[in-house]
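Okay, structure first, notes after.
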Amino acid sequence: MKIKFFNITLTTVALTLLSSFSFHAATNSKFPYREAGLTERQAAAHLISRFTFGATPGQVDEVVSMGLEKWFARELKGEMEENEVNEHLKNYDALTLTNAQVVMQFPRGPLVQKMAIADGALNKDSLSKLDKPEIKARLKEYKKQKGLRDEKELFTQLIGQKIMRAVYGKNQLHEVLTDFWFNHFNVSITKGQCAQFIPAYERDVIRPNVTSNFFDLLIATAQSPAMLLYLDNASSMGEPENIEARANRQPRVRVTRRGIIQRMPVPNRPPQQKKRNAQGLNENYAREIMELHTLGVDGGYTQQDVTEAARVLTGWTVYPLKDGNFENLRKKLDEVGENRLTSQGFVHKGDFLFVPNRHDAKEKNVLGKKFSAGGGYQDGVELLKMLATHPSTAKFISTKLAVRFVSDNPPASLVEKMADTFLKHHGDIKKVLMTMVSAPEFWSAEALRSKTKSPFEYAVSAARVLNADIANPAPFNQWITRMGQQLYSYAAPTGFPDRGQYWINTGSLLNRMNFGLAITSGRINGVKIDLANLNNHHEPESAEAALPVYAKLILPERDLEPTLKRLMPIVATPDVYGKVDKAAIHNTNVVDTLYAHHKLTNRKKQVEKNQQNTHSQFGDNTMLAQVVGIIIGSPEFQRR
Amino acid sequence: MISRRAFLKSGGLAMLSIGVGGVPAFAIRAAHAGKHTGLYKKNKILVCIFQRGAMDGLMAVPPFTDNYFKTARPNLFMNADSKGSLMDLDGRFGLHPGFKSFASLFQSKQLAIVHGMGSPNTTRSHFDAQDYMESGTPFNKGTTSGWLNRAVGLMGHEGSPFRAVSLTTSLPRSLYGDNPSIAISNLADFGLQLRGAKTANLTAQTFEELYDQTSDELLKEAGKESFEAIKLLKQSDIKNYKPDGNANYPNSPLGRALKQIAQLIKMDVGMEVAFAESGGWDTHFNQGTDKGIFARNAEDLSNSIVAFWNDLGAWQDNVTVMTMTEFGRTVKQNGTGGTDHGRASCLFVLGNDVKGGQVHGQVKTLAIENLADGRDLEVTTDFRSIFSEVADRHLQLNDDKILFPDWQGNPIGIMKS
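See below:
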């Protein structure tokens, strides 16, 4: 009996050793949190706070029982089924549309008028005679007939899906990274030309690449309609004499000339004549790709490098979509056919098009690298490769990741480790993140709770921890805006600054407190909270007992002492509520004053019900909502 | 900081009931006494408007007689003759028709223009140039505070929580720093939204204590400021605000911001620096001439400022308005009907102690040899010589070592001495 027991034990030990060995091999090593003095639970809470949009009730237990390293590996993979999200998004019909479908279904304002005139629904000559509301009404009718939809609806769905995925998504790290990389390669719906392409930008350009290689992200953004239009590269083209240098070397397909070259000014034509379709070099993208996407502002480039890079990227533009504006152009391209286009040096990938006769074919020199004349499309790819793997880029991207995931001022030693990994593994994002989370700096006391949640992170983390049922994310989004973050609308290519100082000021802070009170008391339309259910319908014995229960749920593994101490006076004076309840029955005027927002009858019923249930010191949950609202609005919950 | 808080306490504010969203007792007493007594004595107020995106100064105030200019901008050039739409300011410079509401203020010599204004740092990045202009240190990225915040610190007398207010959703770089500044996107929403008097006071108190006790300095400071500010605002005045002087504010972010700045000024809450933003100036693409993107932005800016000025009425003597923008745009139009990032631009200063009715600064003819890097309008007036003169003459702040460290320069005579 003894021996057998011993055997079993041995086997178990061996198995444990074996499994832990293979496990270590898979995830490199155990995270060094114990060295930083953290318990496993504290470490789990920290991990969750960094790589999700906030802990859900009981999540610390889940992560601990799974093992922190294994949980992180699963998050890096991001392959869990998203049934819940899909269910929430089943009526969001615009989310799966291609860019071509979007421009057909959600045409921009000026285009609608053009289409209506073309279809005879509006008479061009009568336009000047009709007043604005009349034109508006006719266009509305036209849109209805044609099944055309308002652009706003597209953005409502875009914003809605971001909120739903952040709140209900299983693959949280991928959601967080989608947010991070979108912000890094920011585009904005405030710029009309690129706005329609942003849903596909996030879906097809950012999302699939969030843990891949940095170069993949860089080139995918560089070739996306949203970015090409946001930073104007779509309209940038080489000086005519530089184009001729190449174009003269090979004969052109006639129809291509009509289709594409027709849009470029004939060389030596006096400039006055190129008024409408005038095109030329535009440096905007070239500058921002260096300053904001790769090298960073101190990355060691000059104005000359910007101009030269802009020349390299001339001809990188959007494949014309059948949206009325470019319908004829598109038809011509289709007629020419892919094979002939390719043989002429065109490159067509999805919505991206490289147009050789817009490209500056002369020699360029960027950051000391020579691009010989006639390199064409491939020069652009080489440029992006050089930028993606540049030491300045390694440092810049590592810093930005560390700021997002560790602290507003990450230690140089950590950034260095991450940058080394970035260079060694050619921009492998997974490996950089693994280096970060395996570093002692990630677990240091300075890093813990040091980040201030952005308004989006704050609102979403509240929804997650309260198990909120969001039927309509639009009112929820209005709160995020009010707290200082208008989603998809940061106009500058810098993206939202990722530091607490940017988010926290007097006006925004008051709105954060108001948000806490509003969400818990059911004052946000479309958002339902069930506080009793959150505690598995265990009604706490008393208000005093409820406070720590909910505080622990909402702030797992935090020091609750300061928060509890401040909140206790509220719950410890049920008298206040009792007196109010009694007064409610005797004196309706008092109730009017005190509870102006409540329907009096409801209030009366509630009070009577409460009085019947003498065990319930909790009243009608008003106090519970208030207390939980204060915890959500408290300084502790603003941090992660 | 300590002394300022001490003032608030000794001033009796701390003893007022929290009265969330209510009217401080002091104000009630004043109202009962039937006289208008602000909580703070009337201060001089500087209102700064940042035109984000880099305004094309050469389109705003074009040297329309310059043939080089005409050649560089075949599609964007406008004339001031009978066929053109520019307003002739002085025979050399015109004013873009979008700014036509400025004309009377220019004629009455309250509005001045400084041309060739910019930063000595040649960066053409929006982010950097704004950062430098707002920090006031064009060669030092490491400056943590903004110049307006340092100005607040130099006032030398105690102030209110509303001393520096930005009508933006978040604090601008200009107001970063240790001296208390607040950002308000909408005055009407300012405060704690609580229902029920007893629970409301208890909740407000709890929030105030929680933020007062937190170990997070950022949250702690912002919390203090928030609760002090609530106590000062008279909500009733905000909701029923009627502008004076037939002021017609555009319903735009800038129009709404300036309207609320006017409200704060008239409430005498002790504001001394106000900040607002105007966007959309990054006109790389089809910027238009008398119509189009630039014209719309110009109309919004000038109509908002003029409405604000008319609304101020008797308060005008206390207020100076100054616009600023991070850099100008290329002399030549680009290939897409717009202009790219350049160097110098121009700015507007409005006030009764301004030497108005003139275009200050130097603008050489736009021959290529006169251009910065052979392409851009040269910076002939460092933005700091304008900012420091305005701060000195209007706010009596003359410690340039603190306001603009590493800078030595002279005023350009834009303010009456």
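Each protein sequence line maps, in turn, to chains S and D.
Once you know that position 366 of the first sequence is 366 in this note's numbering, the rest is easy, because the numbers rise by one and skip nothing.
Numbering-wise, this note's numbering comes out as the position in the second sequence, counting from 1, plus 1000.
Just so you know, even glycine gets a beta-carbon here, dropped at the ideal spot from N, CA and C.
Being a predicted model, the structure only gives us computed values, none of them experimental.
Asked                                                                                                                                            : Found
Outcome for residue 1139 (chain D) when other beta-carbon atoms lying within 10 angstroms are tallied against a minimum of 16                    : exposed
Residues from the stretch 1265-1291 of chain D in contact with chain S, defined by Cβ distance under 8 Å                                         : 1279, 1284 and 1285
Contacts around residue 457 (chain S), its chain only, beta-carbon distance under 8 Å, and the 5 residues preceding and following it disregarded : 53, 54 and 640
Residue 1372 (chain D) in three-state terms, based on DSSP                                                                                       : strand
Residue 1128 (chain D): contacting residues in chain S (beta-carbon distance under 7 Å)                                                          : 297
Stretch-stretch touch, CB-based, cutoff 8 Å, three pairs: the stretch 1322-1330 of chain D with the stretch 1342-1349 of chain D                 : yes
Start-end ranges of the alpha helix (DSSP H) lying completely within the stretch 1111-1183 of chain D, minimum 4 residues                        : 1126-1135 and 1147-1154
Neighbour list for residue 681 (chain S) in chain D, Cβ cutoff strictly below 8 Å                                                                : What is shown of chain S runs 1 to 640, which leaves residue 681 (chain S) out entirely.
8 Å Cβ cutoff, residue 638 (chain S) in contact with chain D                                                                                     : yes
Inter-stretch contact (C-beta, 8 Å, three-pair minimum) for the stretch 1292-1309 of chain D and the stretch 1227-1241 of chain D                : no
Among S:124, S:111 and S:379, nearest to residue 151 (chain S) - alpha-carbon criterion                                                          : S:111
Where residue 79 (chain S) sits in the DSSP three-state scheme                                                                                   : coil
Which residues DSSP lists as bridging residue 316 (chain S), in chain order                                                                      : S:354
Assigned exposure category for residue 96 (chain S) - 16 Cβ within 10 Å defines buried                                                           : exposed
As assigned by DSSP and simplified to three states, the class of residue 344 (chain S)                                                           : coil
Residue 589 (chain S) at chain D interface by Cβ criterion, 8 Å                                                                                  : At residue 589 (chain S), the pLDDT of 35 sits below 50, so the modelled position is not reliable; the number obtained from the coordinates is stated separately. So no, residue 589 (chain S) is outside the interface.
Neighbour-count burial assignment, residue 60 (chain S), 16 or more Cβ in a 10 Å radius                                                          : buried
Close Cβ partners of residue 1203 (chain D) (< 8 Å) along its chain, the five nearest in sequence each way excluded                              : 1192 and 1194
Whole-angstrom C-beta distance between residue 1166 (chain D) and residue 1175 (chain D), which should lie under 8 Å                             : 6 Å
Cβ distance (whole Å) where residue 68 (chain S) is taken to contact residue 45 (chain S) below 8 Å                                              : So it is not a contact: roughly 10 Å between Cβ atoms.
8 Å Cβ cutoff, residue 563 (chain S) in contact with chain D                                                                                     : yes
The ligand COA heavy atom lying under 7 Å from the CB of residue 63 (chain S)                                                                    : With respect to small molecules bound, the structure shown includes none, and the ligand COA cannot be examined in it.
According to DSSP, residues forming a beta bridge with residue 1087 (chain D)                                                                    : D:1095
Minimum Cβ-Cβ distance from residue 452 (chain S) to chain D less than 8 Å                                                                       : yes
Contacting residues, own chain, Cβ-Cβ under 7 Å from residue 452 (chain S) (five flanking each side not counted)                                 : 500, 503, 504, 638 and 639
Rounded C-alpha distance that separates residue 1217 (chain D) from residue 1131 (chain D)                                                       : 24 Å
Interface partners of residue 287 (chain S) on chain D, CB under 8 Å                                                                             : 1124, 1125 and 1341
8 Å Cβ cutoff, residue 458 (chain S) in contact with chain D                                                                                     : no
Selected residue, minimal CA-CA separation from residue 1052 (chain D), among D:1301, D:1207, D:1250 and D:1113                                  : D:1301
Burial state of residue 99 (chain S) (16 or more Cβ within 10 Å)                                                                                 : buried
Whole-Å CB distance - residue 554 (chain S) paired with residue 468 (chain S), under 8 Å assumed                                                 : Not confirmed; about 12 Å, so no contact.
Distance between beta carbons of residue 199 (chain S) and residue 158 (chain S), contact taken as under 8 Å                                     : 5 Å
Presumed contact (8 Å Cβ cut-off) between residue 422 (chain S) and residue 397 (chain S), rounded CB distance                                   : 6 Å
Continuous alpha helix (DSSP H) stretch holding residue 1263 (chain D): start and end                                                            : 1253-1267
For residue 1042 (chain D): DSSP bridge partner residues                                                                                         : In DSSP, residue 1042 (chain D) forms no bridge with anything.
Local Cβ density within 10 Å of residue 419 (chain S), reported as buried at 16 or more and exposed below that                                   : buried
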